[in-house]
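Each number in my numbering corresponds to the 1-based position in the sequence shown with 7 added.
Note that beta-carbon positions come from the ideal geometry of N, C-alpha and C, so glycine has one too.
Report on the structure given below.
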Amino acid sequence: MGPYASTADQFLVKAFNQGIVLHLLRVQGPLSRADIAKVTGLNKTTVSVLVEELIHRHLVQEVGMGASSGGRRPMLLTLNARAGFVVGADLGVDYFLVVVLDLQAQPIWKRRVHRVPGTDPSTDVRQLADLIADGVAAVSPTPLGLLGIGVGVHGPVEHPGGRLLFAPNLGWTDVPVGELLRERFQVPIVVDNEANAGALSELWYAAQDADTLFYFSVGMGLGTGIVINGEIYRGAAGTAGEFGHTTIDPSGPPCTCGNRGCLETFVSERALMRYLQGSGAEKVATTQEVFQAADAGEARAISALAQLGGYLGIGVANAINTFNPQLVVIGGPIGSGGHHVLNSVRRVVERRALPFPLSRARIVVSALGEEACAIGAGIMILQEFFRIPQVKTAGERTPEAVLGGLKGGRGQQDPMAWPGPDGAHYSTVKSSS
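Following this line, the structure appears as structure tokens:
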């Protein structure tokens with residue numbers, strides 16, 4: 008093995024160990040240096056060296072003295088959540104939503120504005136970029152500044168290039184969203200399907216005990232994000248999750264995709280309005296008004312939501328039978344309907360899902376509501392920033408082996424793979440003999 012390979016190995020192990028330390032501080036902090044050494048198995052000298060560099064890089068901070076078990080009180084450490092920030096955006100059918108998140112994925116700024124349907128894509132992306140710039144300008148200066156921008160869009164996306172392939176509810180085809188934004192911002196930019204972003208946000212915020220998750224985003228359309236073994240499942244072409252375009256009735260209503268009887272034609276805000284009109288109810292302006300009417304006991308609103316929930320239950324049962332998830336999350340605007348939708352979903356699932364996979368599945372509404380996509384888009388940037396290298400040495404030092412099951416794949420990712428304040432960039436170069 009030559010000297011260059013040896014140096015690369017040293018950088019790789021250092022990046023791995025620093026990623027492990029940041030992971031622990033993000034999910035379990037505050038911790039002392041001795042706590043970190045005990046959990047990771049690293050010696051105290053190594054931990055001290057790693058921590059000092061992370062403090063120098065503004066990623067870790069000392070937050071005070073901990074309790075003593077008989078000797079000196081230990082200094083406690085935590086992730087410096089305000090060392091930098093990321094932006095997450097949801098490019099919706101009739102709105103733009105932008106959030107600014109700190110390094111713990113906590114929102115520190117957000118704004119939602121109306122989108123005019125029918126606007127050409129370049130104008131829409133320019134308006135979204137202006138809103139992103141407003142968010143960046145509103146944040147107080149941080150040591151690392153803006154780390155990247157994530158955008159969720161309502162349609163399949165070429166991954167990782169960020170080209171929106173087809174969005175029938177937007178009327179867009181083959182739009183280079185990522186490329187258009189890179190003309191304005193010189194930071195990493197990730198563009199992904201909005202349901203993938205929503206699934207990731209649920210995984211970080213509310214589903215730390217679930218490795219397999221199915222997220223239904225129900226709004227103007229129906230998207231799904233699939234998480235398998237803690238990672239977004241993308242499929243061969245990167246477009247997995249178009250569950251809304253599975254056919255449940257070949258003779259059903261025409262879909263915007265050109266097919267008939269897609270699940271989306273029965274489970275969407277448009278479908279909800281159709282059910283209301285079919286019942287003879289007065290026309291309502293928004294989905295929120297339907298929820299309010301149902302909460303007030305209005306029978307037609309309750310019936311329409313139950314009808315939509317019944318069809319959604321068919322989709323959920325199919326997902327449970329096919330993917331055997333631990334958790335099914337109903338999000339998007341319809342997810343805000345709470346028990347009016349959820350109870351109908353559960354009743355249908357209990358009849359249609361196979362008993363064994365159903366026994367392992369929980370069905371809940373989103374903990375993040377309509378902000379799940381934007382928050383998840385920002386988390387996609389944090390994933391890359393905090394990535395732990397998947398390295399194996401003679402001791403099999405994978406993240407899972409070191410942390411005893413505290414998984415590094417849930418957004419705990421490698422800061423050493425990101426240029427630091429001094430421009431340093433540590434590559435994960437494999438050694439060669």
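Separation of residue j from residue i, as counted between CA atoms
i      : j      : result
Ile382 : Ala96  : 8 Å
Gly248 : Gly232 : 6 Å
Leu83  : Asn50  : 17 Å
Leu220 : Gly339 : 16 Å
Gln206 : Leu61  : For clarity, residue 206 is Ala in the given sequence; the question names Gln instead. In a straight line, the C-alpha of Ala206 is about 30 Å away from that of Leu61.
Ile27  : Val58  : 11 Å
Leu279 : Gly230 : 16 Å
Gly344 : Tyr282 : 15 Å
Ala90  : Asp137 : 24 Å
Gln113 : Leu66  : 16 Å
Asn24  : Asp216 : 24 Å
Asp109 : Gly268 : 42 Å
Pro261 : Tyr222 : 24 Å
Asn350 : Ala308 : 15 Å
Pro150 : Val107 : 16 Å
Arg122 : Trp179 : 14 Å
Pro332 : Trp116 : 33 Å
Thr253 : Leu270 : 6 Å
Ile337 : Asn266 : 24 Å
Gln299 : Arg353 : 22 Å
Gln68  : Arg369 : 38 Å
Ala22  : Glu296 : 51 Å
Phe330 : Pro128 : 35 Å
Asn200 : Leu172 : 10 Å
Val93  : Leu19  : 25 Å
Leu187 : Pro81  : 50 Å
Member of the options whose CA lies at the smallest distance from the CA of residue i
i      : options                           : result
Tyr318 : Phe250, Ala384, Glu378 and Ser373 : Phe250
Pro163 : Gly242, Ala22 and Glu69           : Gly242
Glu209 : Val274, Asn24, Val371 and Ile43   : Val371
Asn328 : Gly339, Thr263 and Arg367         : Arg367
Ser75  : Asp101, His65, Asp42 and Ala88    : Asp42
Arg133 : Gly376, Phe192, Gln17 and Ser258  : Phe192
Asp101 : Ala306, Gly91, Leu177 and Gln295  : Leu177
Trp211 : Phe223, Val234, Gly228 and Leu229 : Val234
Pro124 : Ile115, Pro148 and Gly99          : Gly99
Val348 : Pro364, Pro332 and Ser310         : Ser310
Gly237 : Leu66, Gly142, Leu334 and Glu357  : Leu334
Tyr175 : Thr293, Asp216, Glu186 and Val160 : Strictly speaking, residue 175 in this sequence is Pro, with Tyr absent from that position. That would be Val160, whose Cα lies nearest to the Cα of Pro175.
Val182 : Leu151, Gly228, Val143 and Thr130 : Thr130
Val225 : Thr180, Pro148, Thr294 and Ser258 : Thr294
Gly316 : Gln68, Phe273, Phe173 and Val297  : Phe273
Glu378 : Arg369, Ala204 and Glu357         : Ala204
Ala88  : Arg64, Arg80 and Arg358           : Arg64
Asp256 : Gly322, Tyr240, Thr126 and Pro148 : Gly322
Paired residues, beta bridge with residue i - DSSP
i      : result
Lys117 : Val106
Asp97  : Leu104 and Gly159
Phe173 : Thr180
Gln68  : Thr85
Pro261 : Arg267
Gly237 : Answer is none; Gly237 lacks a bridge partner.
Thr149 : Thr149 pairs with nothing; no bridge assigned.
Thr231 : Phe223
Thr254 : Cys269
Arg40  : Arg40 pairs with nothing; no bridge assigned.
Phe92  : Leu153
Gly338 : Ser224
Asn442 : The question about residue 442 has no answer, for the chain in this structure spans 8 to 440.
Arg369 : Leu334
Arg359 : The partner list for Arg359 (beta bridge, DSSP) is empty, contrary to what the question assumes.
Glu165 : Arg170
Arg133 : Answer is none; Arg133 lacks a bridge partner.
Sub-8 Å separation of residue i and residue j beta-carbons
i      : j      : result
Gly245 : His166 : yes
Ala44  : Val56  : no
Ser39  : Gly73  : yes
Gln111 : Arg33  : yes
Ala324 : Ala360 : yes
Val158 : Val184 : yes
Gly36  : Leu104 : no
Gly342 : Gly376 : yes
Val143 : Leu153 : yes
Leu29  : Val46  : no
Ile156 : Val194 : yes
Gly304 : Val355 : no
Ser275 : Met227 : yes
Rounded Cβ spacing between residue i and residue j (contact assumed at less than 8 Å)
i      : j      : result
Leu312 : Ala326 : Between Ala326 and Leu312 the Cβ distance is about 20 Å, and since that is not below 8 Å, they are no contact.
Val197 : Ile388 : 6 Å
Ala213 : Ala374 : 4 Å
Asp141 : Arg118 : 7 Å
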